[in-house]
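If you want the UniProt record's numbering, it's the 1-based position in the sequence shown plus 373.
C-beta atoms are modelled at their ideal positions from N, C-alpha and C, and glycine is treated no differently.
Please read all numbers here as calculations on a predicted model, not as lab measurements.
Here is the structure we will look at.
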Amino acid sequence: MDELLRRSEKLTTVGQLAAGVAHEIRNPLTTLRGFLQLQQQTRQLNVSHVGLMLSELDRINLIVGEFLILAKPQATKFVTKDMRNILRDVIALMNSEAHLHNIEFMSLFTEEDCLVSCEENQLKQVFINLLKNAIEAMPTGGPIHIQITNKKRTVSIKITDEGEGIPEEMISKIGDPFFTGKESGTGLGIMVSQRIILNHKGNLDFQSQEKVGTTVHVSLPALKQSSRDGILEASTNEGS
Ligand code: ADP
Ligand code: MG
């Protein structure tokens, strides 16, 4: 019974998501079709229309790309990694974009191991999403603090920006598919990230104050050092 319930809930979510994706992709497709039709009728290539068509195509690509992350093969391989190394990689990857926006990453890492069982690329995707949001929240630049600790069998990562913050009535909507406060946002980054973190038996939540900034807190179960060498296959993880 429990299993049935769980499955039907899953189906509803998938159905809702599919409807959302179809809707979000149909708009740019309609625009594209209109422009193509116009050019067919006039037998002329209008350069500014081509520019608009390209940006509509980019948007479709962005939406599909974010969904592909969720559509990974079922048997995901979980391996033991030190979360500090994953964060270092992500920071290195995002550094040039940060500099471009006058942003400085300030990291404070614990000296202790922060071993977690994970799908490395998925976790990287999560932190890329979170850092991107933090950067986008500070249009004039500033510091982003990245802190990692390992206490009471929990690896905790906090990302704090000094951006515009999130109005209280909006916080509960963050992570709903397609919920965005940005003109050209997809509203998919947090939803995808939350799912990945749940798949890792962790938690992701927001604390924010308008005009002061936002802290995103990700926590993951810590592994003991002794399990470091084994490759751990998470059997309970059939992606939900
Ligand atoms: P997108 O970035 O495409 O809008 P996300 O799912 O990544 O979609 O984020 C959803 C919304 O949550 C954002 O549009 C923004 O309004 C809000 N948000 C997320 N992170 C932050 C942050 N660090 N500061 C302020 N607002 C944020
Ligand atoms: Mg985002």
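For the structure I just gave you, are there three or more beta carbon pairs, one from the stretch 461 to 478 and one from the stretch 429 to 441, closer than 8 angstroms?
no
From K450 to E492, what distance separates their C-alpha atoms?
Along the sequence shown, read from residue 1 onward, the residue named residue 450 stands at position 77. Along the sequence shown, read from residue 1 onward, the residue named residue 492 stands at position 119. So the alpha carbons of these two residues sit roughly 6 angstroms apart.
State the Cα-Cα distance for the pair I433 and L593, rounded to the nearest angstrom.
The residue labelled residue 433 in the question sits at position 60 within the sequence shown. The residue labelled residue 593 in the question sits at position 220 within the sequence shown. Rounded to whole angstroms, I433 to L593 spans 32 angstroms at the Cα level.
Leaving out the 5 sequence neighbours to the left and right, which residues in its chain are closer than 7 angstroms to K574 when beta-carbon positions are compared?
The residue given as residue 574 occupies position 201 in the sequence shown. P594.
Any heavy atom of the ligand ADP closer than 7 angstroms to the Cβ of L561?
Stepping through the sequence shown from its first residue, residue 561 is reached at position 188. For L561, the CB falls within less than 7 angstroms of some heavy atom of the ligand ADP.
Taking the beta carbon of L503 as the centre, do at least 16 other beta carbons fall within 10 Å, making it buried, or is it exposed?
The count along the sequence shown starts at 1 and reaches residue 503 at position 130. The residue is buried, with at least 16 neighbouring Cβ atoms inside 10 Å.
Residues in the same chain with beta-carbon distance under 6 angstroms from N475, minus the five sequence neighbours each way, listed in chain order, please.
Position 102 of the sequence shown, counting from 1, holds the residue named residue 475. So the list reads G514, once near-sequence residues are dropped.
Anticipated Cβ contact below 8 angstroms, G586 with E542, distance rounded
Residue 586 sits at position 213 when you count from the first residue of the sequence shown. Residue 542 sits at position 169 when you count from the first residue of the sequence shown. At roughly 18 angstroms, the Cβ-Cβ gap does not stay under 8 angstroms, so G586 and E542 are not in contact.
Is the Cβ-Cβ distance between L435 and F408 less than 8 angstroms?
As a first step, residue 435 must be located in the sequence shown, where it is residue number 62. As a first step, residue 408 must be located in the sequence shown, where it is residue number 35. Not closer than 8 angstroms, so no.
Hey, is L577's beta-carbon within less than 8 angstroms of any beta-carbon in chain B?
The displayed structure is made up of one protein chain only, and chain B is not part of it.
Tell me the rounded alpha-carbon separation between V565 and T415.
What you label residue 565 is simply residue 192 of the sequence shown in a count that begins at 1. What you label residue 415 is simply residue 42 of the sequence shown in a count that begins at 1. For V565 and T415, the distance between alpha carbons rounds to 42 angstroms.
Between which two residues does the beta strand (DSSP E) containing N576 stretch?
Residue 576 sits at position 203 when you count from the first residue of the sequence shown. Element bounds for N576: N576 to Q582.
Nearest CA to the CA of E397: which residue from I569, Q580, L577 and P550?
Here residue 397 corresponds to residue number 24 of the sequence shown, with the count starting at 1. The shortest Cα separation from E397 among I569, Q580, L577 and P550 belongs to P550.
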